[in-house]
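The structure appears right after this line, and notes come after that.
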Amino acid sequence: MTWCIAALAVLIIYLFWRFPALRKTWYLPKRSGLVALMYQMYHHVGVLDNPQDQQFPFTIRPDMLERQILFLKANGYMPISAAELETAFRVGKSAVSKPVMLTFDDGYADNYTHLFPLLKKYQVPALIFLITDRIGTPEYLTWDQIKEMKDSGLVSFGSHTLSHRRLRSLPDEEIVRELTESKRVLEEKLGAPVTAFCYPFGAGGFDKRVRPQVFKAGYLFDFSTKKGINPWPWKGKSTLRRAFPRGGESLFDYHLQLTRGQSKL
Ligand SMILES: [Zn+2]
192 MTWCIAALAV
202 LIIYLFWRFP
212 ALRKTWYLPK
222 RSGLVALMYQ
232 MYHHVGVLDN
242 PQDQQFPFTI
252 RPDMLERQIL
262 FLKANGYMPI
272 SAAELETAFR
282 VGKSAVSKPV
292 MLTFDDGYAD
302 NYTHLFPLLK
312 KYQVPALIFL
322 ITDRIGTPEY
332 LTWDQIKEMK
342 DSGLVSFGSH
352 TLSHRRLRSL
362 PDEEIVRELT
372 ESKRVLEEKL
382 GAPVTAFCYP
392 FGAGGFDKRV
402 RPQVFKAGYL
412 FDFSTKKGIN
422 PWPWKGKSTL
432 RRAFPRGGES
442 LFDYHLQLTR
452 GQSKL
């Protein structure tokens with residue numbers, strides 16, 4: 192009997208290794224709710240063609256992002272803004288049945304050159320998390336670009352701290368400074384409240400020392416890198432999970448991201 196189970200386990204491991212499609216999440220039950228899409232890790236929306244490139248999995252090509260936006264529209268998904276998230280949160284209900292959020296971490300300059308034209312073309316809102324110390328430095332957005340995007344009404348901005356350090360490894364006073372000072376700078380420059388926060392490296396979202404400080408600093412929403420789909424309307428009890436569309440993924444993978452919160456295990 193034991194050898195039978197062992198043989199079965201070996202066979203399953205072999206099949207998963209031999210046929211990568213089995214590792215996809217199509218067999219998990221479908222879930223509905225708020226899908227916060229995170230355009231992943233290095234978060235560039237640029238053209239990167241070589242699958243061997245280290246950045247390839249983390250980089251969505253603009254033409255793929257365009258196909259994904261068309262996929263959302265064709266399948267009844269409704270991209271919502273940070274303001275719509277806040278309204279649903281405050282009111283406790285929403286008329287939107289298939290909400291998604293397009294979120295981009297770090298505030299790279301290609302969010303202006305590659306992403307913003309697509310958002311305008313399809314009138315789709317997005318949420319960009321900025322590292323305030325890096326604004327205006329090479330490869331990152333400038334204040335002028337940020338203001339232009341904000342004035343379009345399509346892009347809102349959240350904080351991704353001052354300096355993108357792992358909050359869990361910082362002393363309390365540094366955590367507080369990273370949270371409050373970045374919020375203050377953004378609100379002063381943008382002239383609007385900043386309610387969304389995103390943990391650098393996803394670290395701290397489930398930490399008893401870090402997470403309460405986020406809310407003490409005045410944020411309403413904290414976004415993690417934990418995979419999954421969120422309850423809708425959002426009640427704000429836990430850290431928001433995100434789904435990570437990756438470079439090189441198909442629209443079928445995208446469908447899995449939207450319905451299972453991840454495309455593969
Ligand atoms: Zn980041």
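Per this note's numbering: the sequence shown = residues 192 to 456.
Using N, Cα and C, we set each Cβ at its ideal position, and we do this for glycine too.
query, result
"Among the candidates P290, G382 and S360, whose CA atom is the shortest distance from the CA of S347?", "G382"
"Could you tell me if K374 is buried or exposed, where buried requires 16 or more neighbouring beta carbons within 10 angstroms of its beta carbon?", "buried"
"Go through its chain and collect everything with a Cβ distance to Q336's Cβ below 6 Å, but skip five positions before and after it.", "Y303"
"Start and end of the beta strand (DSSP E) containing L225?", "No beta strand (DSSP E) holds L225; DSSP gives it neither H nor E."
"Can you pull the DSSP bridge partners for N241?", "DSSP output for N241 lists no bridge partner at all."
"Of all the CB atoms in chain B, is at least one closer than 7 Å to the CB of V226?", "In the structure shown, chain B cannot be found, because there is only a single protein chain."
"According to DSSP, is P253 part of a helix, a strand, or is it coil?", "helix"
"Which residue from K455, T250, T323 and V287 puts its Cα closest to that of K380?", "T323"
"Taking E339 as the reference, which of L202, P403, P308 and H351 has the closest Cα?", "P308"
"Applying the criterion that 16 or more other CB atoms from any shown protein chain within 10 Å of the CB defines a buried residue, is R402 buried or exposed?", "buried"
"Judging by CA-CA distance, which residue of P384, R214 and P391 is the nearest neighbour of L361?", "P391"
"Verify the contact flag: D296, CB atom, against every heavy atom of ligand 1, threshold strictly below 6 Å.", "yes"
"When we look at the beta-carbon of L219 and count the other beta-carbons within 10 Å, is it buried (16 or more) or exposed?", "exposed"
"Quick one: give me the first and last residue of the alpha helix (DSSP H) that D297 is part of.", "That residue, D297, is in no alpha helix (DSSP H); its beta strand (DSSP E) goes P290 to D297."
"Within the continuous alpha helix (DSSP H) that includes K374, where are the two ends?", "D363 to L381"
"Are there 16 or more other CB atoms within 10 angstroms of the CB of C195, so buried, or fewer, so exposed?", "exposed"
"In three-state terms, what does DSSP make of F280?", "helix"
"Which same chain residues, not among the five before or five after S350, have their C-beta less than 8 Å away from its C-beta?", "F320, L321, T323, L370, S373, K374, L377, V385, A387, F388, C389 and Y410"
"Could you work out which residue in F207, Y313 and K221 is closest to N421 when comparing CA atoms only?", "K221"
"What residue from F406, N266, Q259 and A273 has the CA that sits closest to A317's CA?", "A273"
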